[in-house]
Structures are given as structure tokens and as C-alpha cells.
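From first to last, the protein sequence lines are chains A and B. Just so you know, the first sequence maps onto residues 46 to 460 in our numbering. Just so you know, the second sequence maps onto residues 311 to 517 in our numbering. Note that the Cβ used here is the ideal one computed from N, Cα and C, for glycine as well. In what follows, a structure is listed as C-alpha cells, so that the remarks can point back to it.
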Amino acid sequence: MINRLNLPQGVKDFTPEKAEEIRRIEDILLEEFSRWGYKRVVTPLFEYLESISVGLGDELKQKIMKFVDPSTGDVVALRPDITPQIGRLVAAQMNQHTEPLRLCYNGRVVRFEERGSGKEREIFQAGCELLGLTSPESDAEIIALAVKSLLKAGSKALVLDLGHTGLLRFLLSNTGDVREEIEQSLKKKDYEQLEKAARKSSAPKSVKKVILTLPELYGGRDILVKAKKISLLKVFVKELENVLDVLDEFRLECDLNIDLGELRGFNYYTGVTFEIISPSMSSPLLRGGRYDDLIGKYGFDLPATGFAIDVESLLSMTKAPLENNQVHFVVIPKKMSLRREAIRLAEWLRSSGFKVILDLNSDMKLMKVRIKENKASNSYGVIFLETPKRLKLIESRSGVSREFSNLEELLKGGI
Amino acid sequence: MITLAIARGRLLKEAAGVLRKTGLTVGEIYKDSRKLIFEFPKIGLKILIVRPFDVPSYVEYGAADCGIVGRDTLIEEKHELYEPLDLGIGKCKLIVAAPKGFEFSNSRLIRVATKYPKISYEHFVKKGLTTEIVKLYGSVELAPIVGLSDVIVDLSATGETLRKNKLVEIETIANITARLVVNKVSMKVKSAEIKDFLSKLKKYRKF
């Protein structure tokens, strides 16, 4: 039998402290996005399976939580990713735009995970998409924004891991029926299997040779010098260099790693891809890259690049004071007849920016309890309304009690 | 400092052997079966001894940077890991075995006892056989003897256990050796250390 207090695997509740933390981080991220001119869009929690799966990579396709819409019999899917939704939205409603679009979002996505995997099935995301541009400047902009947002949210010791899916797609496009095997071995960085697979492949010798050097094309920026000497890769390396040249101008505080053999999101991304990792976290904080084919699948050809941040991964990295969530005053009328004054007093305080609990149940026996509670929470104090002209403030920190004849006096002298 | 998770049991001794050859003297970590963590600060290595099926989880979640684990475990459960190196140790086969005289038939349901339900299911589906899979955690050879199953899917190194229990190998599903697995973030943030560790292992692994 299901215990009423239990939740399905992979989802959870957030108590006020946690919920406030999530909001704080989301606020910081959205604020930064908007300062770069990215406008927020909101997309639905679920939509037709058919439309959303068009815009998903193979890995996410296997993780869709789907169900039948009882009213129509259509199969709908809880969104496992928001980017395809934005693609659909742009193709459907914003296709008259001629200028580049800068869009951002935050929200939860749902992904099926194996029982016992310990992975969340509901993930808080915040992300940006830059649509309509193909220039290295646009790749650099989205990467710089990604790094800056994470820094603003308080994360440190970031490593930017840069790759190029276009390069991999090009190399693998003529490997014939062993392509799948080559993909798998690159994904696992299993270079012995890669050699075996490449040997079997019908691809031209020159291509095979380059595929086999991919494992070595990994490390710092000097890797690009090495890669540029390989003529088949020249165009792609130049692209990466152009992006890096622009990125240099942003002077970002993060380390750089280049991995030309990294196969993540292979059938989704089309160009420069990136991940931002931190030594203290076992999975990336952020993933992104260029996906020029996606929006075309919704009938509107538009190049794009973007990223999504795993918001919860930032929670464990950054600690901030919890002051935001703190109540400043508790207002208690001494008698039933003072309710109206108490409500007015609370409203005044709220409009002056304070957080106020109004405790209209003026049971004086509870007075001591309230004072004690408030002391523990370290807020400003408890205000007793004794008569319309007499306010008693019991300060939480000192326990000192002071009397005032009206609110202005209290606000001036009290705090 | 690299944290390395190694599967306990048969593999552990062989793994210690390979490490010793690379110059990473780890002593007799396989002797004391109750100790779970061994630290070697001088050579920058910390070793965790865990159950074989737990190695991928330790590495995937970053509790360990690297792990040494049989390929059987990696095929049975999907994990987000790099698997850069075949260490050539812990050689064995994943096999289907049954009591003498057993023959597959399409006309009836075959019961399979195994520690590898996914691999078994996929294997028999490919052969067009309908099976019922019973997941066991150990002493799988017992199942056909007492009538719990018709066949078993299990690892076999020498065939000795099979013989003792009067079972015969029917077919090989896969050849198994141990692999080095690496956490995806560690590979990037400790790249120099891990590259070095990998190249040492590559030189001295068993083939």
C-alpha cells in the first residue's frame, strides 16, 4: 500500500529554506539573463509527444515520461527539455522576426530515471537561447553569459570544457555501418574499441587516421595548434579559435579545457558545444552548444545556440544568508476590539517593506510563546497593540520592551 | 590524489598486482576483508574496496575518480562513465549453463536464474525464446539443481564450479575482462593526473 506521506522516486518537496534558496538562485540567474537582453518565455509543462520528441537528442528521447490525454486519447509528454519547446514556439509564433532573438526561461523538466539510480526525475533548469545568428561572436556571447551567470550565482573554480560536434559529425558521416560502434567507443573514450571499429570501417584512410587522433586532441588551448595541422580539421579548429578570440575579450574567470573527441549530445548539437564543470560536483553545472538543425524541424530554418543550467547543482555550491525569508515583526492585538487597528498597523509595516505576521487570535496566554519564538528566529520584535494609542515593542535581540504612542514614533525610534 | 574503487573478490588481487607493476605499491589490500579504505598519500592514491555492482555508482557520482570493474557489470547496468581501458585481468566468460541433457524448446517457458537479468533477457529475446527471469544475488548454480530454474546465466572462469554442480556450458554470451572506468568530471578537472595513471596502467596491464 502507498504511504500517504511518501513521494514517488526522484521527486521531492522543498521546505521554506530550500524553496527560498532556489528562488534566490533563479532570481540571480534571470536578472543576469535580462541584463544581457534575454527575454523570458514560458512554455507548457506537457505537450504532444510527437512534437516534442522531434527536437530531442537520442538520450533524452529514452527518458520521456508520457501518458495518454484522457480527453482526446493523444499521447502527451511531460517536457524533458525546454529548448525544443522554444524552437516550436519561435517557429509557430515568432517567425516574422528578422533580428536575432534572445530568449530565456526557467522551469522544471521531468526525466525518467531508473529506479535506484539515485537521480532526480524532476530537474530545475534555467537557460538562454540565442537564435538567428551563426557568427563566432554569437557562440562567444552565449558561452560568456553562461560563465557569468554561474559566477553571479556564487559558484567558483569553474572549468569550461569546449568541443565541436560539427567536426565529429563531419568525420563520422562516412564511416558506414560501423558508425554506431565508433560513436559508442568515442563516448566511452574506449580507444582500443575505436581502433578496431575504425579498422573495419570503409571510410577513406585519411578520415580514419584523423578519427584515431581524436583521443589525443584533448587538453589545454595548445591542442588547437596541434589540431590545426590536420587539414581535414582546419575549418572547424578555425571556428573554435574564432570563438576563443572573442571569449578572450570577455576576460572570464574560468579555466579552459578543449576536448575534440567529446561526443556528448552528438545527434542534437551541430557546432561548438560546451559544458561547465566544477571539481566539487560530479556532474556538469551547465550544458550548451549550437543546434542549427532543431528549429528547422518545426518548419522554420533558424540557426541557434544556447545553454541550460542545472539550478539545484548551484544550491550545494553557494551559501547565502537566509535573511530574505525572515519575518521582521509579529503584530498582536491585546483585545478583540483592537483587530482593525492591528490590521492597519500590519499593512503600514508591510508597505514600509517589512515582513509581518498578523496574529489576530489575541490569546494573551500565547504571548510569552510568541516572544520566545521570535527571539529564536532573531527578528526585530513582537508588537503588542494595547490600546489604539499604545504600542509595546518587545525587541527580539535584547528582550527590552519599549512603548510608543503611534507607528511613526516606533519606526523612527524603535529600530 | 586519485580515488580508485576496486571490486572486491577475485579481481582485487589481480588489480593490486597490476598496480604494483606500475610502481604504485599498494601492499596486500586484498588480505584484510573488513577494511574498506586504504590511503597511500605518498603515491597520491586512495583505494575503496566495494562490491562489484557498486563500482560504477561510486565512480559515476564522483565518490571515486576511477574504478576497476568487470565488463559484465558495465553491460548489465547503464551508467554515465568513460571506460578508457581494458585491463586484461579477471578474465572469464558470461555463459548460459544447464544440467546435462537440457535442450531449448520454443514450446515452453524457460526459467533463467541469474545475477544479470537485463543481459539474460536481451540474450534470450534475440534467440526468440520466451523466458522468465529470476534475479538471484549469489550461488546461482544451485537454482537448476533444486528446480528453481532450467538454466542459469553466470560468470565462469575455469568451469570448475559448473562441473562440481553437474552443469554444462551451453553457450557463451560474452567474454569478460576488467576495465578501468573514469568519472566524467574527474577526467577533465584532474586530466593530467588521470592521463598519467592511464598510461601507466596501459603499459603494465595483463595481456
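- If you check the CB distance, aspartate 382/B and tyrosine 426/B come in under 8 Å.
- According to DSSP, residue pairing for proline 145/A in a beta bridge does not occur.
- Boundaries cannot be given for threonine 335/B, as no alpha helix (DSSP H) includes it and DSSP labels it neither H nor E.
- Around the Cβ of glycine 334/A, a 10 Å sphere holds 16 or more other Cβ atoms; the residue is buried.
- Along the region 268-328 of chain A, the beta strand (DSSP E) occurs as fully enclosed runs of 3 or more residues at 300-304, 317-322, listed in sequence order.
- Within the region 72-86 of chain A, no residue has its Cβ closer than 8 Å to any Cβ of chain B.
- The beta carbon of tyrosine 236/A sits closer than 8 Å to some beta carbon of chain B.
- In this structure, the straight-line span from the alpha carbon of leucine 404/B to that of phenylalanine 348/B is close to 31 Å.
- The alpha-carbon separation between glycine 118/A and serine 415/B amounts to approximately 40 Å.
- Phenylalanine 374/A is a Cβ neighbour of isoleucine 428/A, given a cutoff of 8 Å.
- Collapsing the DSSP output to three states places serine 200/A in coil.
- For tyrosine 514/B, no chain A residue has a Cβ inside 8 Å of its Cβ, as the nearest lies near 16 Å away.
- Under the criterion of beta carbons closer than 8 Å, serine 230/A and alanine 242/A qualify as touching, at roughly 6 Å.
- If you draw a straight line from the Cα of lysine 245/A to the Cα of valine 223/A, it comes to about 7 Å.
- Below 8 Å, too few C-beta pairs join the region 168-182 of chain A and the region 266-277 of chain A to call them touching: fewer than three.
- Against chain B, the CB of aspartate 355/A has no partner CB under 8 Å away; the residue lies outside that interface.
- Look at histidine 373/A here: in three-state DSSP terms it is coil, with no helix or strand label.
- Cα atoms of leucine 419/B and phenylalanine 434/B: separation of roughly 11 Å, rounded to the nearest angstrom.
- With a cutoff of 8 Å on beta-carbon distance, isoleucine 127/A and glutamine 170/A are scored as near each other.
- Within chain A, no residue has its CB atom less than 8 Å from the CB of glycine 327/B, the nearest being about 21 Å off.
- The Cβ atoms of threonine 487/B and isoleucine 399/B lie closer than 8 Å to each other.
- Here the alpha carbons of glycine 380/B and threonine 332/B stand approximately 20 Å from one another.
- Taken through DSSP and simplified to helix, strand or coil, glutamate 174/A comes out as strand.
- Restricting attention to Leu217/A, Gly161/A, Ser450/A, Glu92/A, the CA atom closest to the CA of asparagine 312/A is found in Leu217/A.
- Note that the C-beta distance between phenylalanine 352/A and arginine 384/A is not below 8 Å.
- DSSP places aspartate 338/A outside both helix and strand once states are collapsed to three, so it counts as coil.
- Assigned with DSSP and collapsed to three states, alanine 242/A falls in helix.
- When the Cα atoms are used, aspartate 293/A and arginine 309/A turn out to be separated by approximately 25 Å.
- For threonine 482/B, the enclosing beta strand (DSSP E) has its first and last residue at 477-486.
- DSSP places glutamate 454/A in the helix class (H, G or I) of the three-state scheme.
- Cα atoms of serine 343/B and lysine 410/B: separation of roughly 36 Å, rounded to the nearest angstrom.
- Residue environment for histidine 209/A: buried (at least 16 other C-beta atoms within 10 angstroms of its C-beta).
- The region 397-439 of chain B is shown to contain whole alpha helix (DSSP H) runs of 4 or more residues at 427-436, in chain order.
- Taking a Cβ-Cβ threshold of 9 Å, the residues of chain B close to asparagine 302/A are Lys498, Val499, Ser501, in chain order.
- According to DSSP, residue pairing for glutamate 442/B in a beta bridge involves Arg421/B.
- Assignment of isoleucine 127/A by DSSP, reduced to helix, strand and coil, places it in the coil class.
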